[in-house]
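Protein chains in written order, with the working numbering: chain F, 6 to 267; chain B, 184 to 443.
Spelled out as structure tokens, the structure:
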């Protein structure tokens with residue numbers, strides 16, 4: 006049991022192949038279990054649709070293109086929320102990071118609010134902004150603001166003072182200092198804040214669409230659940246999961262690439 | 184650093200006081216906005232929320248709702264810790280299992296779980312079981328990841344020496360593996376608690392007949408921002424208290440390691 010806990014040496018190709026095989030067979034076993042439960046053991050199709058039905062529904066959704074309005078709305082809300090939280094988060098984070106005093110005063114306050122599950126404020130946002138897109142944008146912007154602002158503060162304060170002093174003593178103007186020292190130094194941490202912010206913005210937007218809304222991907226899933234079109238709902242769930250996973254993958258890739266740049 | 188303006192100098196000398204002043208300023212702006220600029224159907228001033236907090240607590244059934252939500256939280260947390268530990272240990276202690284299943288676990292963790300919330304309601308009904316289950320699926324992943332992280336950098340020499348001194352499996356687990364993973368275990372517990380809280384609250388807000396989600400919905404539909412804000416403040420205070428409690432526990436149990 007506790008025998009082999011060392012990280013395995015990478016690059017062992019037959020090991021890697023076995024690993025891949027186990028992963029694939031694990032997923033295949035889950036799929037087989039799904040098929041058996043619905044087709045052979047007669048599990049209620051209201052709880053779990055047959056995989057072949059869900060698949061044909063997925064093909065139908067993709068073929069008919071009926072997902073476009075919901076998808077565009079959700080992505081639009083995401084873009085709006087992220088634009089707001091990125092602008093405010095990076096700006097406020099930069100301003101706070103300008104003085105150690107500001108950091109000492111404001112950083113604990115921001116971190117304290119971050120500990121509250123902001124999803125609690127959703128009813129309030131619905132009260133203020135209604136059931137439409139604006140309440141989702143506002144909630145998504147609020148939730149994603151905190152990781153962005155905290156990481157921006159952390160990014161700018163993590164820069165070695167020596168670099169700043171050196172640049173200044175060599176006569177760098179504030180613009181040059183910002184362009185060539187501060188921004189490159191803080192960028193990796195800010196980017197990881199932006200990635201976290203993006204992920205939670207997506208989550209909270211789909212979440213608030215699920216809980217209280219008139220349209221959007223989250224709303225579509227709830228609608229299908231309520232009309233017991235479970236096969237189609239599963240297809241939409243798969244669709245949303247794939248969209249979310251690929252958006253996250255793109256953002257992580259962007260983060261990794263920019264952070265490696267000098 | 185030389186103070187550039189009187190206000191910065193004040194902040195430097197009294198950071199605590201400045202924080203309180205910031206909060207007071209925020210409340211003041213809120214108070215003025217609510218009193219003079221916004222329809223009172225939508226926003227209540229903080230003074231009114233505070234003075235009428237007993238009206239919130241006296242709402243029929245609200246105390247039971249808070250109790251029910253706390254029960255859902257604790258049940259979900261206990262289950263998430265138990266299953267998370269079992270999966271975390273069985274995946275983390277074996278390098279092969281770790282390589283096979285960690286990518287799958289990370290993949291699942293990345294899914295926005297909110298999309299499967301309707302399934303939980305369909306399968307488990309609108310009562311506490313669906314909330315507990317949804318809390319478990321949110322809380323379990325941080326716990327698994329923390330436990331795997333905690334056991335995977337265990338020094339092999341510790342295991343070898345324990346075994347050479349005649350420790351059996353149970354002894355190794357109890358006296359080597361468990362103390363070693365304590366710090367990351369407790370940070371996993373804290374993150375797990377955050378996840379459980381998120382899952383239970385999401386499920387409560389989505390559909391609820393007796394929990395706090397029912398009351399937030401009720402107050403929203405009645406345009407009663409005083410009680411809505413009161414209830415949200417109570418819940419936020421609970422969340423902060425839980426978080427601080429977990430942080431204290433985390434610090435206490437990681438202390439023995441010192442700074443190694």
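Glycine is no exception: its CB is placed at the ideal position from the N, C-alpha and C atoms. Bear in mind the structure is a predicted one, so any value in this text is a computation, not a measurement.
- Apart from the 5 residues on each side of it in sequence, residue 209 of chain F sits with its Cβ closer than 7 Å to the Cβ of 124, 144, 145 and 148 in its chain, given in chain order.
- When the five nearest sequence neighbours on each side are left out, the beta carbons in the same chain lying within less than 7 Å of the beta carbon of residue 368 of chain B are those of 329, 330 and 333, in order along the chain.
- Residue range 166–174 is occupied by the alpha helix (DSSP H) that includes residue 166 of chain F.
- Chain-ordered, the chain F residues with CB closer than 8 Å to the CB of residue 295 of chain B read 207, 208, 211, 212, 245, 246 and 249.
- Ranked by how close their Cα comes to the Cα of residue 379 of chain B, the residues B/401, B/297, B/232 and B/198 have B/297 in first place.
- No beta strand (DSSP E) of 3 residues or more sits fully in the stretch 252–284 of chain B.
- Under a 10 Å Cβ-count criterion, residue 204 of chain F is classified as buried, with 16 or more other Cβ atoms of the shown protein chains found around its own Cβ.
- Below the 7 Å Cβ cutoff, chain F contributes no neighbours of residue 394 of chain B, its closest Cβ being approximately 13 Å away.
- Sequence-distant Cβ neighbours of residue 213 of chain B in its own chain, meaning closer than 6 Å and more than five residues away, are 229.
- The Cβ neighbour count for residue 224 of chain F, taken over all protein chains shown within 10 Å, is at least 16; the residue is labelled buried.
- Residue 244 of chain F sits close to residue 66 of chain F, with the two beta carbons spaced by under 8 Å.
- About 13 Å separates the Cβ atoms of residue 91 of chain F and residue 259 of chain F, ruling out a contact at the 8 Å cut-off.
- No Cβ of chain B is located within less than 8 Å of the beta carbon of residue 156 of chain F.
- Under the 8 Å criterion on CB atoms, residue 254 of chain B is classed as non-interfacial with respect to chain F.
- In the structure shown, the three-state DSSP call for residue 424 of chain B is helix.
- Around residue 42 of chain F, the same chain offers 48 and 53 as residues with beta carbons nearer than 8 Å, after the five sequence neighbours per side are excluded.
- With respect to residue 393 of chain B, residue 256 of chain B sits apart: the two C-beta atoms are not nearer than 8 Å.
- Along the stretch 114–136 of chain F, going in chain order, the ones with a CB nearer than 8 Å to a CB of chain B are 114, 117, 120, 121, 122, 124, 125, 126, 127, 128, 129, 131, 132 and 133.
- Counting C-beta pairs closer than 8 Å gives three or more between the stretch 187–200 of chain B and the stretch 91–106 of chain F, which meets the contact rule.
- Taking C-alpha positions only, residue 221 of chain B is separated from residue 215 of chain B by approximately 9 Å.
- For residue 316 of chain B, no CB of chain F lies under 8 Å from its own CB, so it is not counted at the interface with that chain.
- When B/396, B/405, B/242 and B/266 are compared, the shortest CA-CA separation from residue 321 of chain B is found for B/266.
- Residue-level contact check: residue 385 of chain B touches chain F, since one or more beta carbons of chain F fall below 8 Å from its beta carbon.
- Boundaries cannot be given for residue 197 of chain B, as no alpha helix (DSSP H) includes it and DSSP labels it neither H nor E.
- Between the stretch 383–403 of chain B and the stretch 83–101 of chain F there are fewer than three C-beta pairs closer than 8 Å, too few to call the two in contact.
- Proximity of residue 24 of chain F to chain B, defined by a Cβ-Cβ separation below 8 Å, is satisfied.
- When the beta-carbon positions are compared, residue 372 of chain B and residue 264 of chain B come within less than 8 Å of each other.
- Of all C-beta pairs linking the stretch 106–120 of chain F to the stretch 197–207 of chain B, three or more are shorter than 8 Å, placing the two stretches in contact.
- The three-state reading of DSSP puts residue 141 of chain F in helix, counting H, G and I together.
- For the stretch 221–238 of chain F, residues whose beta-carbon sits nearer than 9 Å to a beta-carbon of chain B comprise 222, 223, 226, 227, 229, 230, 231, 233, 235 and 238.
- Residue 233 of chain B: member of the alpha helix (DSSP H) spanning 229–234, first to last residue.
- By the C-beta density criterion, residue 343 of chain B is exposed, having fewer than 16 other C-beta atoms within 10 angstroms.
- Contacts between residue 419 of chain B and chain F, judged by CB atoms closer than 7 Å, involve 121 and 125 in chain order.
- At a beta-carbon threshold of 7 Å, none of the residues of chain F lie near residue 373 of chain B; the nearest stands roughly 10 Å away.
- Cβ-Cβ separation between residue 138 of chain F and residue 78 of chain F: approximately 7 Å, consistent with a contact (criterion under 8 Å).
- For residue 282 of chain B and residue 20 of chain F, the gap between their C-alpha atoms comes out near 10 Å.
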